[in-house]
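Input: a single structure, listed below in structure tokens.
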Amino acid sequence: MSHPLVIANWKMNIPSGGISGWIQNEMISSNDEVDFENKSSYFKFMGIAPPTSHLTELRNLFNFGFLGVQDISKYYDGAKTGDISADMVIEKGCSFSILGHSERREFYNETNSIVSEKLRVCLEKDIMPVVCIGESLEIYNAGKTLDILEIQLKEIFTSISTKKTAVIAYEPVWAIGSGKTPTTDEVNNIHQHIKDIVQSIANIEAVNVIYGGSVNCDNAKSFFQQTNIDGALIGGASLDGKDFLGIYNDFMETL
Ligand code: PGA
956 MSHPLVIANW
966 KMNIPSGGIS
976 GWIQNEMISS
986 NDEVDFENKS
996 SYFKFMGIAP
1006 PTSHLTELRN
1016 LFNFGFLGVQ
1026 DISKYYDGAK
1036 TGDISADMVI
1046 EKGCSFSILG
1056 HSERREFYNE
1066 TNSIVSEKLR
1076 VCLEKDIMPV
1086 VCIGESLEIY
1096 NAGKTLDILE
1106 IQLKEIFTSI
1116 STKKTAVIAY
1126 EPVWAIGSGK
1136 TPTTDEVNNI
1146 HQHIKDIVQS
1156 IANIEAVNVI
1166 YGGSVNCDNA
1176 KSFFQQTNID
1186 GALIGGASLD
1196 GKDFLGIYND
1206 FMETL
């Protein structure tokens, strides 16, 4: 694993007034249980993707781990109302961007080809891409998950050549926010296939595959114990600082 990551995806949740509570009351104080010689080193595999409006405040209050965004513009600058560019998020201290989350695909019609354009921007600008792929319940039930993932990967990664690390988040759409998940063995196998496919279609120095979809305090460790699961992308359970820290601590124990 070149870059395992456990990422909190707050989506459009937590008002800015709630940030200090998330950190102070939950994360830092409950971290007293853990002996931190060096907090920076302990949090080096943690990523937090708050709403973009919260980036500065979050960084001021919690100067550990990686800051990221939930999406990024495929354009570099100029008249693109509503967009936020790679340079702008870098200025705010961000080092990764989630790309192609299923909610972007569902509500904003983001296609694999748009995700691929954003991937190229991230690689050029040195923002670590966290590319989301995943199948619908219908596809899963039809046993066609790998076919669909292969199509998504080909449309996004073909002809990408980079010495940088790419993170792929395997997120079955039916598992997001539903309380349902595939088995840990299924996810482990799928992650191996994802790594094989990407290696056959692109030239990328390192590919890490993390899992997302209803990861919580009770099931996180069983995912992290699998050899091909390099971390997690966490929505609902990341909204409570204490739960998220518990999941992160589980991850650190399995490294
Ligand atoms: P969830 O969301 O953890 O609430 O299922 C995951 C995600 O959307 O990335």
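Residues 956 to 1210 (my numbering) make up the sequence shown, in order.
From the three backbone atoms N, C-alpha and C, an ideal C-beta is built for every residue, glycine too.
Under 8 Å between C-beta atoms of residue i and residue j
| i | j | result |
| --- | --- | --- |
| A1187 | G1167 | yes |
| V1164 | D1185 | yes |
| I1053 | D1026 | yes |
| F1051 | F1206 | no |
| I1202 | V1170 | yes |
Between the CA atoms of residue j and residue i - distance to the nearest angstrom
| i | j | result |
| --- | --- | --- |
| L1010 | K1047 | 7 Å |
| L1101 | S1091 | 12 Å |
| N1029 | I1069 | According to the sequence shown, residue 1029 is Lys rather than Asn. Their Cα atoms are separated by approximately 7 Å. |
| T1136 | A1124 | 14 Å |
| M956 | I1094 | No answer about M956 holds up, because its pLDDT of 48 lies below 50 and its placement is not dependable. |
| Q1147 | Q1154 | 11 Å |
CB contact check: residue i to chain C, cutoff 8 Å
| i | result |
| --- | --- |
| K1150 | Absent from the structure: chain C. Only one protein chain is present. |
Residue i, DSSP secondary structure in three states
| i | result |
| --- | --- |
| C1172 | coil |
| T1007 | helix |
| K999 | coil |
| S1116 | strand |
| I1165 | strand |
Extent of the continuous beta strand (DSSP E) to which residue i belongs
| i | result |
| --- | --- |
| M1083 | 1083-1088 |
| A1187 | 1186-1189 |
| N1144 | Taken as a continuous stretch (DSSP letters only), N1144 belongs to no beta strand (DSSP E), being part of the alpha helix (DSSP H) at 1139-1156. |
| N1204 | Premise fails: N1204 lies in the alpha helix (DSSP H), 1196-1209, not in any beta strand (DSSP E). |
| V1024 | 1021-1024 |
Strand pairing of residue i, partner residues [DSSP]
| i | result |
| --- | --- |
| L1054 | V1086 |
| A1124 | C1087, I1165 |
N- and C-terminal bounds of the alpha helix (DSSP H) containing residue i
| i | result |
| --- | --- |
| A963 | Run containing A963: none in the alpha helix (DSSP H); it sits in the beta strand (DSSP E), 960-964. |
| M1043 | 1041-1046 |
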